Each structure stands twice: as C-alpha cells, then as structure tokens.
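One structure below.
Numbering (the working numbering), first residue to last: 36 to 158.
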C-alpha cells in the first residue's frame, strides 16, 4: 500500500504535538478545529494507526505518533534546506563551471586562477 504524505499534515501534527491540543494546534496552523480533526482522522486512517490519544485534558502522542513527529520534523527541515539550496540556483549563486584546456594550461596556468576564483565563489 502506497502512503501519501502532505506537508500541511506534517506542520499541523507538529503544532498539535507542541501544544498538546487540537484546538491550539489548529490555531497555530490557521485551520478550523473541525478541519484539523478531519485531517488528523484521515491521516490516522491512511496510516492504519492512532497517532494521538485524545482526552478532555488534551492529546498525547502514541508511540507511533512520537515516531511520526520525529520524522515530520526531519522532513520539514530537509525541505527548508532544499528550498534554500534551490534558491541559490534561482539567484544565479550556484552552478557548475567546466573548463577545457590543454595539459600545459591545466597544470601551469589555470591552478592559480581557478584557486582565486574558488576562494570568492565556493559554490
């Protein structure tokens, strides 16, 4: 069975876990409480397991919920790094430079020039 994950669900789950509350997690995520409850129910149904234990005092994470939380944080962190790395390409700050030269140029002339260039353009 293929599992499909949603970035909004990752963020929502993190907010719920950090506040121990569906209501406060919904507020942090700018979602209504019914929409939040529905998203979490669908997430749990799709995974086939409970991630949260609900009580009048709030919610607590199940063991599966703790694992989901850990991975959700890692995934969102990786997405932020990916976005930052890709932004450098969009801004022209990162790329690939290919030099073609004969042996003499490669061994005698290019090393100091390329070395200086790499000091100011490390990526």
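Beta carbons: idealized from backbone N, C-alpha and C, even for Gly.
Predicted model, so just to flag it, every value in this text is computed and none were measured.
Any idea what DSSP makes of residue i, helix, strand or coil?
i	result
residue 89	strand
residue 150	helix
residue 117	helix
residue 136	coil
residue 126	coil
Using the Cα positions of residue i and residue j, report the straight-line distance between them to the nearest angstrom.
i	j	result
residue 57	residue 108	18 angstroms
residue 119	residue 110	14 angstroms
residue 126	residue 116	15 angstroms
residue 139	residue 145	9 angstroms
residue 240	residue 42	Nothing about residue 240 can be read from this structure; the chain reaches only from 36 to 158.
residue 85	residue 65	23 angstroms
residue 44	residue 54	15 angstroms
residue 157	residue 136	21 angstroms
residue 122	residue 133	22 angstroms
residue 62	residue 89	18 angstroms
residue 100	residue 124	36 angstroms
residue 112	residue 104	12 angstroms
residue 70	residue 79	14 angstroms
Should residue i be labelled buried (16 or more other beta-carbon atoms within 10 Å of its own) or exposed?
i	result
residue 74	buried
residue 141	exposed
residue 37	exposed
residue 83	exposed
residue 94	buried
residue 50	buried
residue 155	exposed
residue 152	exposed
residue 60	buried
**OP:** For the region 38-114, list the beta strand (DSSP E) runs that are entirely contained and at least 3 residues long, ordered along the chain.
**Re:** 87-90 and 93-96
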